[in-house]
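In our numbering, the protein residues as written are 3 to 186.
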């Protein structure tokens, strides 16, 4: 029998793009769609919103990787109003990730830039049951409390608002190191 994967709360670092950090116990490495998971680490996989225009080519790779037992989350996926293709394209790809998350019972790791109302509306309209985690959250306590009310969890990297961190209950608060996604 295959052992159950750990719960996200068991991880000290739920999001990095740096595979070298995957050798550190209790770290989830975010795989690009072209990368494959193995049994030596824990992973998330998805199409970053900056790459949403490539979804037709990348989606089969994501679906294949997402089913791997060492992939414990879907993403980094989401919406970015400042970078990437049109928001409607990003939205369509994000909805695919939501469906995959629900089908595989794996939480979402979400990249969000200036799209809070759209994310909240999608959370409501899809009636998703899996955890949606805003990665690298840097907003203030008021925004944190609003997102928490709507069922989101928050992940905090090295730069964050301490009032938002303190306003987030421990069971809905994650830590991450992140690292530069893609090529900046």
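Cβ atoms here follow ideal geometry from the backbone N, Cα and C, with glycine treated the same way.
My output table needs one value for residue 187: the three-state DSSP class, helix, strand or coil. Since the first and last residues shown for the chain are 3 and 186, residue 187 lies out of range.
Three-pair Cβ contact test at 8 Å for the stretch 139 to 156 versus the stretch 78 to 96: No contact exists between the stretch 139 to 156 and the stretch 78 to 96.
If you follow the beta strand (DSSP E) that residue 44 is in, where does it begin and where does it stop? Its beta strand (DSSP E) spans residues 44 to 47.
Proximity of residue 30 and residue 49 at Cβ, strictly below 8 Å: Between residue 30 and residue 49, the gap from beta carbon to beta carbon reaches 8 Å or more.
Kindly provide the ranges of any beta strand (DSSP E) runs that are 3 or more residues long and lie completely inside the stretch 91 to 174, ordered along the chain. Runs found: 110 to 115, 134 to 136 and 154 to 158.
Residue 134 to residue 88, Cα distance in whole Å? Computed Cα separation, rounded: 22 Å.
My output table needs one value for residue 82: the three-state DSSP class, helix, strand or coil. Looking at residue 82 - three-state DSSP - the assignment turns out to be strand.
Candidates 176, 126, 159 and 9: closest to residue 74 by CA position: Considering only alpha carbons, the answer is 9.
Burial state of residue 161 (16 or more Cβ within 10 Å): Result: exposed.
For residue 125, which residues of its own chain have a beta-carbon under 8 Å away from its beta-carbon, when the five flanking residues on both sides are left out? For residue 125, where only same-chain residues beyond five positions count, the Cβ hits under 8 Å are 134, 152, 153 and 154.
Taking residue 111 and residue 137 to be in contact with their CB atoms under 8 Å, please state how far apart those CB atoms are, rounded to whole angstroms. Indeed, because the Cβ distance is near 5 Å, the residues count as touching under 8 Å.
Through-space distance from residue 95 to residue 53, alpha-carbon basis: If you draw a straight line from the Cα of residue 53 to the Cα of residue 95, it is about 10 Å long.
Does the Cβ-Cβ distance between residue 72 and residue 44 come in under 8 Å? Between residue 72 and residue 44, the C-beta gap is smaller than 8 Å, which places the two residues in contact.
Tell me, please, which residues DSSP counts as bridged to residue 54. Answer is none; residue 54 lacks a bridge partner.
Which partner residues of residue 75 appear in the DSSP bridge assignment? Looking at the DSSP assignment, residue 75 forms a beta bridge with 46.
Compute the Euclidean distance between the alpha carbons of residue 127 and residue 164, then round it to the nearest angstrom. Distance between the alpha carbons of residue 127 and residue 164: 31 Å.
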